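Under full-length UniProt numbering, think of the first position of the sequence shown as 1, with each following residue one higher.
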Amino acid sequence: MSTISERFSILQSHLEKNCKSKISKISGYVGFIMRKLLFSVLSVGPIPAHVAIIMDGNRRFAKRHSLLQDSIDPASGHRLGFRSLISTIQYSFEMGVKCVTVYAFSIDNFKRSPQEVQLLMDLMREKIEEMSAEDGVFQALHVKINFWGNLELLTEPTRLSAKRAMDTTVHNKGPELSVCVAYTSTNEITHAIEASVSELKGKDQVQVSDLERNLYSAGCVEPDIIIRTSGETRLSNFLLWQSDFTHLQNPKPLWPEFSLRHLVWAVLEYQRVYAYLKNKKEGIEKNK
């Protein structure tokens, strides 16, 4: 795993290579240096290893700003949300977060109108290909991309794009991005139980360790923070098994409005309760 300093060096090289104009190169470099200073101060406290995000509020943002009209792309809110996703992931990795997990599409979302589901599948495929592009920032950072969920429920082009992205980045040694699509936590746990039962081979019963080995998230540390934007306080069937000692946060901005300052505030809030969460976890593990 690369250090924070190494990640900044990689990003600086990527910035110099991809900024076309002198003005954009200068402005990008100034922002880059300012973030580097900010994250250096932030790293005095504990930096979360794993940040998980429920990206809530794309459709409400589009309605609030009158973007959902017949003449305009009905997926406009989701497109704006993708911009927030890319910047949030980049900032997270810059500050030293090792894993980011995002809730992109629930199994329950398939209940929406067929037109909207198809639009979202097409948009997802388009953005997956952007994320795994060879000249993109994710490849520059050597990001490993995972997709968690029942991928067989996706349209074939979207499923193939997801599998291609995982195959392309499987050997990357940098931070990990896990995208939950066609996902619910109950489906993940059911999948883990079924896989564990099929592996019994003479054992009397399934152990907790068997289940955890067969979760989609196997091998990934538990999330330190779960952020749900738009002020909603529900987990909506997201990482229920993994979030025993996770700090839950519900900032009010809708997802397309989520920015660097909201991410920094989330980390500061986590640092404020870090000692309490650590003591709670150690106490429970000691009494097992």
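Idealized CB from N, CA, C, for every residue including glycine. Note that the coordinates shown come from a computational prediction; the quantities given were computed from them, not determined experimentally.
At least three beta-carbon pairs within less than 8 angstroms, the stretch 75-86 to the stretch 150-159: no
On the DSSP letters alone, give me the boundaries of the alpha helix (DSSP H) that Lys278 sits inside. Residue numbering aside, residue 278 sits at position 278 when the sequence shown is read from its first letter. Its alpha helix (DSSP H) spans residues 260-286.
Under 8 angstroms by Cβ, that's how I've got Val181 and Ala104 pegged, so tell me the actual separation to the nearest angstrom. In the sequence shown, residue 181 corresponds to position 181, counting from 1. In the sequence shown, residue 104 corresponds to position 104, counting from 1. Sure, about 5 angstroms apart at Cβ, within 8 angstroms.
Which complete beta strand (DSSP E) runs does the stretch 153-198 hold, if anything under 3 residues is left out? 176-183
Any idea what DSSP makes of His142, helix, strand or coil? In the sequence shown, the residue the question calls residue 142 occupies position 142. In this structure, His142 counts as coil in the three-state DSSP scheme.
Just tell me which of Ser209, Val41, Gln90 has its CA closest to the CA of Gln139. Sequence index remark: in the sequence shown, residue 139 carries index 139 (1-based). Checking every option, the nearest Cα to that of Gln139 belongs to Gln90.
Using the C-alpha atoms, what's the distance from Lys63 back to Gly231? Start at 1 with the first residue of the sequence shown, and residue 231 comes out as number 231. Start at 1 with the first residue of the sequence shown, and residue 63 comes out as number 63. Straight-line Cα distance between these residues: approximately 17 angstroms.
Identify, in the order they occur along the chain, each residue of the same chain with its Cβ nearer than 8 angstroms to the Cβ of Asn150, setting aside the five sequence neighbours on each side. To locate residue 150, count along the sequence shown from 1; it is residue 150. Once the five neighbours on either side are set aside, the close Cβ partners of Asn150 are Ile107, Ala182, Tyr183, Asn187, His191.
Close beta carbons around Leu260, own chain, < 6 angstroms, minus the five adjacent residues each side: Translated into the one-based positions of the sequence shown, residue 260 becomes position 260. Same-chain partners within the cutoff: Tyr91.
Would you mind listing the alpha helix (DSSP H) stretches within the stretch 79-157 that are 4+ residues and don't spill past its ends, in chain order? 114-131, 137-140
Is the stretch 254-269 touching the stretch 47-67 in the sense that three or more CB pairs, one from each, lie closer than 8 angstroms? yes
Can you check which of these residues, Arg234, Glu199, Leu141, Trp241, is closest to Tyr216 by C-alpha distance? Numbered from its first residue, the sequence shown carries residue 216 at position 216. Per the Cα distances, Trp241.
Taking DSSP's pairing of strands, which residues face His50 in a bridge? Start at 1 with the first residue of the sequence shown, and residue 50 comes out as number 50. Cys99, per the DSSP bridge assignment.
Inter-residue spacing [alpha-carbon to alpha-carbon] between Asp244 and Val100: For the purposes of this step, residue 244 is identified with residue 244 of the sequence shown, where counting begins at 1. For the purposes of this step, residue 100 is identified with residue 100 of the sequence shown, where counting begins at 1. When rounded, the distance between both Cα atoms is 17 angstroms.
Output needed for residue 335: all residues of its chain with C-beta closer than 8 angstroms, excluding positions within five of it in sequence on either side, in chain order. Given that the chain is displayed from residue 1 to residue 288, the structure contains no residue 335 and the question cannot be resolved.
Own chain partners of Asn250 with C-beta closer than 7 angstroms, once the 5 adjacent residues on each side are dropped: In the sequence shown, the residue the question calls residue 250 occupies position 250. Result list for Asn250: Arg228, Gly231, Glu232, Thr233, in chain order.
How about Gly96 and His142: are their beta carbons less than 8 angstroms apart? Walking along the sequence shown from the start, residue 96 turns up at place 96. Walking along the sequence shown from the start, residue 142 turns up at place 142. No, they are not a contact pair.
Look at the Cβ atom of Leu239, then the Cβ atom of Pro223, and state whether they are nearer than 8 angstroms. One-based indexing of the sequence shown puts residue 239 at position 239. One-based indexing of the sequence shown puts residue 223 at position 223. Yes. Within cutoff.
Taking Leu211 as part of the alpha helix (DSSP H), name the residues at either end of that continuous run. Along the sequence shown, read from residue 1 onward, the residue named residue 211 stands at position 211. Here the alpha helix (DSSP H) through Leu211 covers 208-214.
First through last residue of the alpha helix (DSSP H) which encompasses Arg59: What you label residue 59 is simply residue 59 of the sequence shown in a count that begins at 1. 58-64 is the span of the alpha helix (DSSP H), which, as asked, contains Arg59.
Using 8 angstroms as the Cβ pair cut-off and three pairs as the minimum, do the stretch 36-56 and the stretch 271-283 touch? yes
For Ser84 versus Ile128, is the C-beta distance shorter than 8 angstroms? Position 84 of the sequence shown, counted from the start, is the residue given in the question as residue 84. Position 128 of the sequence shown, counted from the start, is the residue given in the question as residue 128. Against a cut-off of 8 angstroms, the Cβ pair of Ile128 and Ser84 comes out as no contact.
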